[in-house]
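Trainee: Position 47 of the sequence shown, counted from 1, bears residue number 119 in this note's numbering, the numbering being contiguous throughout.
From the three backbone atoms N, C-alpha and C, an ideal C-beta is built for every residue, glycine too.
These figures come from a predicted structure and were not determined experimentally.
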Amino acid sequence: MSGDGKELDLEEAYAVETPDDNRDLYGRWASTYESGFATRHAYVYHERVATTFAGAAGPDDDPVLDIGCGTGLVGEALRALGGWTIDGLDLSPEMLDEARRKTAGDGSPVYHDLHVADLTAPLGHDDDTWGAIVSAGTFTHGHVGPDAFDELYRIARTGALFVVGINPDHFEGQGYAGRFAADADAGRITAPDYHHVPTYSLGDHVDRLSVLAVFRTT
Ligand SMILES: C[S@@+](CC[C@H](N)C(=O)[O-])C[C@H]1O[C@@H](n2cnc3c(N)ncnc32)[C@H](O)[C@@H]1O
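1) I'd like the span of the alpha helix (DSSP H) that includes Gly250, first residue to last.
2) With distance defined between alpha-carbon atoms, name the residue in His215, Gly140, Gly177 and Gly160 nearest to Thr92.
3) Are the Cβ atoms of Lys174 and Pro165 separated by less than 8 Å?
4) Any heavy atom of ligand 2 closer than 7 Å to the CB of Gly140?
5) For the alpha helix (DSSP H) holding His242, just list the boundary residues, first then last.
6) Within 7 Å: the Cβ of Asp190 and any heavy atom of ligand 1?
7) Output needed for Trp101: all residues of its chain with C-beta closer than 6 Å, excluding positions within five of it in sequence on either side, in chain order.
8) Which residue comes first and which comes last in the beta strand (DSSP E) that contains Phe287?
9) Would you decide whether Gly247 is buried or exposed? Buried here means 16 or more other CB atoms lie within 10 Å of its CB.
10) If the criterion is Cβ atoms closer than 8 Å, does the pair Val138 and Val206 meet it?
11) Which residue from Val235, Asp199 and Thr210 puts its Cα closest to that of Glu89?
12) Does the beta-carbon distance from Ala256 to Ala263 come in below 8 Å?
13) Determine the direct distance from the alpha carbon of His118 to that of Ser103, and round the result to whole angstroms.
14) Taking 7 Å as the cut-off, does the CB of Pro91 come closer than this to any heavy atom belonging to ligand 1?
15) How should Lys78 be labelled, buried or exposed, when 16 other C-beta atoms within 10 angstroms of its C-beta is the threshold for buried?
16) Should Ser103 be counted as a contact of ligand 1 given a C-beta to heavy atom distance under 7 Å?
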């Protein structure tokens with residue numbers, strides 16, 4: 073619940089504008105994000121990211137960084153499908169506390185390392201650190217935009233697999249297709265494949281298809 077007792081939902085998520093807004097919102101939302109929002113809408117986005125990743129990944133696509141990992145739904149879905157080493161990164165310490173508690177089927181923690189970081193700023197991670205990047209729900213209104221990819225390409229190894237979910241209106245409004253086309257022309261990434269996947273399976277937003285951009289760094 074938010075401070076006024078109202079359940080937090082998409083209305084609040086789409087109203088944020090700055091990293092401070094995000095830190096505040098997700099700090100308040102962390103404990104009810106899964107039991108409230110994700111359950112209410114029958115959120116399936118994380119499962120679609122995980123199955124798309126599993127279908128495209130090879131043995132070198134490891135370790136995996138889940139950016140804007142939140143409470144860890146993507147990591148949990150990935151661990152159910154394969155034996156990848158998964159790290160998570162998020163702006164919100166409270167969301168990461170939820171992710172830290174998650175365990176896989178074998179009882180081990182879902183995430184190997186969890187990092188507090190702001191994707192709209194330079195990241196304090198070394199070049200060529202991760203073999204894959206995944207994300208659901210982070211590239212959306214007032215959260216993180218296409219400029220974040222410069223740093224993501226830097227921290228990913230050459231040949232790293234990206235499976236990144238993007239809100240469809242944000243994808244159009246922020247010019248992601250043009251950005252990725254320019255990056256492919258410049259030899260930074262392969263030409264992306266775009267998958268259109270359900271985000272929710274219940275409620276008013278059930279017809280909203282998110283865009284999954286699938287490509288590799290070159
Ligand atoms: C809608 S939630 C998605 C969480 C998770 N990936 C999922 O699918 O359930 C968006 C996440 O992005 C994170 N976030 C927002 N802005 C960020 C930023 N600038 N840097 C890093 N994470 C950010 C939020 O803290 C939140 O955990």
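Mentor: Straight from the coordinates:
1) Looking up residue 250 in the sequence shown gives position 178. Segment Tyr248 to Asp257, the alpha helix (DSSP H) holding Gly250.
2) The sequence position of residue 92 within the sequence shown is 20, counting from 1. According to the sequence provided, residue 92 is Asp. The question's Thr does not apply to it. With distances taken between Cα atoms, Asp92 lies closest to His215.
3) Position 102 of the sequence shown, counted from the first residue, corresponds to residue 174. Position 93 of the sequence shown, counted from the first residue, corresponds to residue 165. Contact: no.
4) Of the ligands this structure carries, namely ligand 1, none is ligand 2.
5) For this step, residue 242 is matched to residue 170 along the sequence shown. Run containing His242: Pro240 to Gly245, per the alpha helix (DSSP H) assignment.
6) Here residue 190 is taken as the residue at index 118 of the sequence shown, counted from 1. Flag set: Cβ of Asp190 near ligand 1.
7) Mapped onto the sequence shown, residue 101 falls at position 29. Residues of the same chain with a CB within less than 6 Å of the CB of Trp101, apart from the 5 flanking positions on each side, are Leu80 in chain order.
8) Within the sequence shown, the letter at position 215 stands for residue 287. Where Phe287 is concerned, the enclosing beta strand (DSSP E) stretches over Leu281 to Arg288.
9) Along the sequence shown, one-based indexing puts residue 247 at 175. Result: exposed.
10) Position 66 of the sequence shown, counted from the start, is the residue given in the question as residue 138. Position 134 of the sequence shown, counted from the start, is the residue given in the question as residue 206. Correcting the residue type first, residue 138 is Asp in the shown sequence and not Val. The answer is yes: Cβ separation under 8 Å.
11) As a working note, residue 89 is residue 17 in the sequence shown. For Glu89, the closest of Val235, Asp199 and Thr210 by C-alpha to C-alpha distance is Thr210.
12) Here residue 256 is taken as the residue at index 184 of the sequence shown, counted from 1. Here residue 263 is taken as the residue at index 191 of the sequence shown, counted from 1. Yes, they are a contact pair.
13) Reading the sequence shown from its first residue, position 31 is the one you call residue 103. Reading the sequence shown from its first residue, position 46 is the one you call residue 118. The alpha-carbon atoms of Ser103 and His118 are separated by roughly 18 Å.
14) On the sequence shown, residue 91 is found 19 positions in, with the first residue counted as 1. Answer for Pro91: yes, Cβ within range of ligand 1.
15) Start at 1 with the first residue of the sequence shown, and residue 78 comes out as number 6. With fewer than 16 neighbouring CB atoms inside 10 Å of its own CB, Lys78 falls in the exposed class.
16) On the sequence shown, residue 103 is found 31 positions in, with the first residue counted as 1. Every heavy atom of ligand 1 is 7 Å or more from the Cβ of Ser103, so no.
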